[in-house]
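J.: Counting with the working numbering, you get residues 159 to 469 for the letters of the sequence shown.
We put the beta carbon where it would ideally sit given N, CA and C, even for glycine.
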Amino acid sequence: MSSRKVLAALIFLLLTGCAPLTALTPPPPPSATALPSPSATPTTPPTLRPTFTLEPTNTPPPSITPRPFSQEKQRFTFVTEDGRILVGYHYPAAQINQPVIVLMHQSEADQTLWNAEDSGLIAWLQNFPAPEGAGAATPSAGGKLPTLPTGLSYNVFTFDFRGHGESGGDPAQDFSEFILDARAAYQFAASLPYVNGQKVLGLGASIGADAVVDGCGTLCAGAFSISPGNYLGPEYGVTVSALLQAGKQIRCMYANNDGPSPATCWSVAQSDQYKIFSYPGNKHGMTFIVPRKMEADFGQNVYDWIRKATE
Numbered sequence: 159m160s161s162r163k164v165l166a167a168l169i170f171l172l173l174t175g176c177a178p179l180t181a182l183t184p185p186p187p188p189s190a191t192a193l194p195s196p197s198a199t200p201t202t203p204p205t206l207r208p209t210f211t212l213e214p215t216n217t218p219p220p221s222i223t224p225r226p227f228s229q230e231k232q233r234f235t236f237v238t239e240d241g242r243i244l245v246g247y248h249y250p251a252a253q254i255n256q257p258v259i260v261l262m263h264q265s266e267a268d269q270t271l272w273n274a275e276d277s278g279l280i281a282w283l284q285n286f287p288a289p290e291g292a293g294a295a296t297p298s299a300g301g302k303l304p305t306l307p308t309g310l311s312y313n314v315f316t317f318d319f320r321g322h323g324e325s326g327g328d329p330a331q332d333f334s335e336f337i338l339d340a341r342a343a344y345q346f347a348a349s350l351p352y353v354n355g356q357k358v359l360g361l362g363a364s365i366g367a368d369a370v371v372d373g374c375g376t377l378c379a380g381a382f383s384i385s386p387g388n389y390l391g392p393e394y395g396v397t398v399s400a401l402l403q404a405g406k407q408i409r410c411m412y413a414n415n416d417g418p419s420p421a422t423c424w425s426v427a428q429s430d431q432y433k434i435f436s437y438p439g440n441k442h443g444m445t446f447i448v449p450r451k452m453e454a455d456f457g458q459n460v461y462d463w464i465r466k467a468t469e
């Protein structure tokens, strides 16, 4: 077709209003998202990091479980059968699940005398390893107490009888009330954390020497009496005989000129379970633990008793 005829056809179509031929009409451009102008702020993509909730600034830090035991003594109060509140201290062993030795003081004294003149008795029983670079085992009583085997350690529990020391209050109306204190001390010592409650022993002086046997019953595995004297009412010999029948290990110690103590100790015959230690002079009760007056075999006798009682 000549160019003149094509031009004429186009003019005809325009004049008649017909739609242009598809082949001659260019297709519209595909729709697309408008690009932002250079001045527009780009859209921030969503974060892919997890979100965290901050704790308030006054929230305490998470608690950290402390070591189950430490060398430091811990103060406790406990209650007797008749409602008296007593004060005691736990001196932990170097390992958990070890026996506990309950110390019972004499009349007109208090639990602090177990450390009198740096006797070292409590630290000796605890037997914590010596600090690094400090040499051998824990020094005790100026060397009067023998070195315990490495790794051997005991808990110690001391307390004040009613009317004494921190326990305070009215003194006992009857010395037999001290037996209630001894029972409560044995029971509480057995309940202390990280001790072996099946192996509770008592070591006492004067009224405490009677209390460790009078309050024992089924609560203790053995008792060590220093200067007993039937002070609390029950006959020492009768009580000790019953404990020996039950398989307990009992020891009795006295000075020859110390009032009723020699006869009290000898009210029971010696045996493998019951041993008697006698010394010259008139020392009484807690005087035996003062380093300058401590007998040379005192520590060995105590150690042998604990070992036998806790086997």
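Locate the alpha helix (DSSP H) running through Thr308, then write down its first and last residues.
T.: No alpha helix (DSSP H) holds Thr308; DSSP gives it neither H nor E.
J.: Give me the Cβ distance between Leu244 and Phe317, rounded to the nearest whole Å; I'm assuming they're in contact under 8 Å.
T.: About 5 Å; that satisfies the 8 Å criterion.
J.: Measure how close the beta-carbons of Ile254 and Tyr352 come, nearest whole angstrom, since I'm counting them as under 8 Å.
T.: 4 Å between Cβ atoms; contact.
J.: Can you look up Gln284 in the DSSP assignment and give me helix, strand or coil?
T.: DSSP places Gln284 in helix when its eight states are reduced to three.
J.: Taking 7 Å as the limit between beta carbons, can you name the residues of its chain near Lys466, skipping five residues before and five after?
T.: For Lys466, where only same-chain residues beyond five positions count, the Cβ hits under 7 Å are Gln407.
J.: Compare the beta carbon distance of Ala330 and Phe319 with 9 Å and say whether it is the shorter of the two.
T.: Yes; because the gap between Cβ atoms is below 9 Å, this pair is in contact.
J.: To the nearest angstrom, how far is the alpha carbon of Phe333 from that of Gly417?
T.: When rounded, the distance between both Cα atoms is 18 Å.
J.: Can you list, in chain order, the residues of its chain with a C-beta nearer than 8 Å to that of Ser349? Leave out the 5 residues immediately preceding and following it.
T.: Same-chain partners within the cutoff: Gly355.
J.: So the alpha helix (DSSP H) Asn459 belongs to, where does it begin and stop?
T.: Run containing Asn459: 456-467, per the alpha helix (DSSP H) assignment.
J.: My assumption, with CB atoms under 8 Å, is that Met452 sits in contact with Ala363. Please give the rounded CB distance.
T.: Going by Cβ atoms, the distance from Met452 to Ala363 rounds to 13 Å, so no, they are not a contact pair.
J.: Assuming contact is defined by CB atoms lying nearer than 9 Å, are Gly470 and Ile384 in contact in what I supplied?
T.: Residue 470 lies beyond the range of the chain shown here (159 to 469); nothing can be said about it.
J.: Kindly indicate which residue of Gln229, Leu359, Arg233 has the alpha-carbon position closest to the one of Ile464.
T.: Among Gln229, Leu359, Arg233, the Cα nearest to that of Ile464 belongs to Leu359.
J.: With H, G and I counted as helix, E and B as strand and the rest as coil, what does DSSP make of Ile254?
T.: Three-state result, Ile254: coil.
J.: On the premise that Val371 lies in contact with Tyr394, defined as a C-beta separation below 8 Å, what is that separation, rounded to the nearest angstrom?
T.: With a Cβ gap of about 7 Å, Tyr394 and Val371 count as contacting.
J.: Which one of Ala267, His263, Asn415 has the shortest CA to CA distance from Ala369?
T.: The shortest Cα separation from Ala369 among Ala267, His263, Asn415 belongs to His263.
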